[in-house]
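Presented below is the structure to which this report refers.
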Amino acid sequence: MNLVLAFFLILGAVPAAASGIPESIIRVGVLEKAGSANIGAEGKFALFELNTGRKLAYSGKDILLVKADSRGILISGKVLASPVRASSLEKGKFLRLNGRRYRDSLIIRKEKEGNVTVINELGIDGYLYGILPREIGPDWPEESLKAQAVVSRTFALRNLSRHESAGYNLCARDHCQVYGGLDGEAPETNRAVDATHHAVLAWKGSLANTFFFANCGGRTADPADAWEGSESIPYLRSVRCRFCRNGRHFRWDAVVDERTLLQSFDRAGVGIERPIRSIKTSGTTHSGRAASVVIRHAGGEVRLRAGRFRMIAGPAVVRSTMISGVRRTKGG
789 MNLVLAFFLI LGAVPAAASG IPESIIRVGV LEKAGSANIG AEGKFALFEL NTGRKLAYSG
849 KDILLVKADS RGILISGKVL ASPVRASSLE KGKFLRLNGR RYRDSLIIRK EKEGNVTVIN
909 ELGIDGYLYG ILPREIGPDW PEESLKAQAV VSRTFALRNL SRHESAGYNL CARDHCQVYG
969 GLDGEAPETN RAVDATHHAV LAWKGSLANT FFFANCGGRT ADPADAWEGS ESIPYLRSVR
1029 CRFCRNGRHF RWDAVVDERT LLQSFDRAGV GIERPIRSIK TSGTTHSGRA ASVVIRHAGG
1089 EVRLRAGRFR MIAGPAVVRS TMISGVRRTK GG
């Protein structure tokens, strides 16, 4: 909480319009390359072919099975040309995707792999409603919720091109910000979003980088140390923190089997031959994190920046580069 508030005070919140940011519509990939999906609504709704304007109307009792077809998108036996927009026809009634409710509209698109992607298209604050309870508990102090709303809004607007190649702005996973749709909202966090409407963090007229995390391990890291290829940012410097020590992620451990790790290395284009003989950290950054990771294997030795090793192994598994040691377990 205090880390976020300190960041908020240093940079200062300004209206989005003051930073040249228009009232934004966000496209969120809520279902990525799935074999099928179920679309419905609380009331009357319609499907529109975006390229032709063709419209099909349905009642709130209809649940449509959506699949990709060689001719387009197969929706409960009818073929529609991709992409297709689903919109509610009744005010205050919401769409459903696989049982979960979403605001505004859903766009269904056929992928070249023969599956479907579903995108939730909605306003920035509606998007934030579905984010805040997943990123910060709604029972946190009111000012903390407001600070997180500003940080999350800034992050979203700064990263609108993150999934541009996939046809949407942001994903619903922790790669961007965890988004739960309407069913993920809470009254307390919605009020925080409303109270900070249009407010973003800016640095010299541009949107600031607003990285945030569950626990810093007692000291934050410079971006240049945390992510390969990142540059130092004047307003993001490593500082000590006395608040995270009581957090549940202050200490962590992880177990990864060798086969899974080798598959991850292979996908990343890192040549590691079985067996892996040892994995050790080498050197530390000034924030106390591992600088490099050295992997000794049957074919020799590979040295990686610790941040890259973490991304390869999986950030949900290796929670930080603040690694105290790596050892092989019995039978591992």
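789 is the number of the first residue of the sequence shown in the working numbering; add one for each residue after it. The beta-carbon is built from N, C-alpha and C at its ideal position, and this holds for glycine as well. Here the structure is a predicted model, which is why all the values come from computation and not from measurement.
Just curious, the beta strand (DSSP E) that residue i is in, first and last residue?
i: N826; result: 824–829
i: I1067; result: 1064–1072
i: R1084; result: 1078–1085
i: F762; result: There is simply no residue 762 to check, as the chain begins at 789 and stops at 1120 in what is shown.
i: G1088; result: 1088–1093
i: A834; result: 833–837
So the candidates are the options; which of them puts its Cα closest to the Cα of residue i?
i: A1116; options: E837, G955, S953, D1041; result: According to the sequence shown, residue 1116 is Arg rather than Ala. Minimum Cα distance to R1116 is reached at D1041.
i: R1107; options: G1005, R1030, E1089; result: G1005
i: Y846; options: N839, A856, G831; result: G831
i: N908; options: E923, L933, G1059, G955; result: G955
i: A1078; options: D1010, H985, D1054; result: D1010
i: I813; options: E837, N947, S1075, T998; result: N947
i: F1038; options: R842, R1007, E923; result: R1007
i: E878; options: T1073, L916, A829, F1001; result: A829
i: A980; options: D913, S1080, A1086; result: D913
i: Q1051; options: G1076, G1102, V1081; result: G1102
i: S1080; options: E1061, I861, L958, I1111; result: I1111
i: A974; options: L958, A937, R859; result: A937
i: S864; options: S876, N826, G841; result: N826
i: N957; options: G968, Y915, S932, H986; result: Y915
i: K821; options: V904, N839, S876; result: V904
i: E837; options: E1089, I861, R950, S824; result: I861
i: A1012; options: T1073, G1035, G968, G1057; result: T1073
i: I1021; options: A990, V818, R1036; result: A990
For residue i, is the beta carbon positioned less than 7 Å from some heavy atom of the ligand MN?
i: W991; result: No copy of the ligand MN appears in this structure; indeed no ligand is present at all.
Using the C-alpha atoms, what's the distance from residue j back to residue i?
i: L970; j: R1091; result: 45 Å
i: Y1023; j: S994; result: 13 Å
i: I1100; j: G911; result: 34 Å
i: G1059; j: F1053; result: 7 Å
i: F882; j: K992; result: 40 Å
i: T1069; j: I1083; result: 9 Å
i: V816; j: I1067; result: 38 Å
i: G848; j: F833; result: 7 Å
i: T977; j: Y890; result: 17 Å
i: T1109; j: S1026; result: 14 Å
i: G918; j: T984; result: 15 Å
i: W1093; j: S953; result: The residue asked about is misnamed: residue 1093 is Arg in this sequence, not Trp. The straight-line gap from Cα to Cα measures roughly 27 Å.
i: P871; j: N997; result: 33 Å
i: A856; j: K934; result: 41 Å
i: S1075; j: R1028; result: 8 Å
i: A1104; j: H963; result: 10 Å
i: G1071; j: G1095; result: 13 Å
i: E901; j: A874; result: 22 Å
i: D982; j: E1061; result: 54 Å
i: R1033; j: V1114; result: 22 Å
i: L945; j: V1044; result: 35 Å
i: V906; j: R884; result: 11 Å
i: I851; j: V988; result: 39 Å
i: E930; j: L844; result: 44 Å
i: F1097; j: F999; result: 20 Å
i: G972; j: I924; result: 12 Å
i: I895; j: E1046; result: 40 Å
i: S858; j: A869; result: 10 Å
i: H1085; j: R1055; result: 17 Å
i: G887; j: S876; result: 15 Å
i: L819; j: H986; result: 28 Å
i: G823; j: P1063; result: 36 Å
Could you check where the alpha helix (DSSP H) with residue i kicks off and where it finishes?
i: R1030; result: Here R1030 belongs to no alpha helix (DSSP H), and DSSP marks it neither H nor E.
i: R897; result: Premise fails: R897 lies in the beta strand (DSSP E), 893–898, not in any alpha helix (DSSP H).
i: R1055; result: 1046–1055
Go ahead and label residue i buried or exposed: buried means 16 or more other beta carbons lie within 10 angstroms of its beta carbon, across all protein chains shown.
i: D927; result: exposed
i: R941; result: buried
i: Q965; result: buried
i: P921; result: buried
i: I853; result: It should be pointed out that residue 853 corresponds to Leu in this sequence rather than to Ile. Flag for L853 reads exposed.
i: A960; result: buried
i: A1002; result: exposed
i: V867; result: exposed
i: V939; result: buried
i: K898; result: buried
i: G1087; result: exposed
i: R1030; result: exposed
i: T1048; result: exposed
i: T840; result: exposed
i: S949; result: exposed
i: G968; result: buried
Say whether chain C places a C-beta atom closer than 8 Å to the C-beta of residue i.
i: R941; result: This model lacks chain C altogether, as it is built from one protein chain only.
**Message:** For a minimum of 4 consecutive residues, which ranges assigned as the alpha helix (DSSP H) are wholly contained in the stretch 935–1000?
**Reply:** 975–983
**Item:** In chain order, each alpha helix (DSSP H) run of at least 4 residues that lies wholly inside the stretch 844–925
**Value:** 912–917, 920–923
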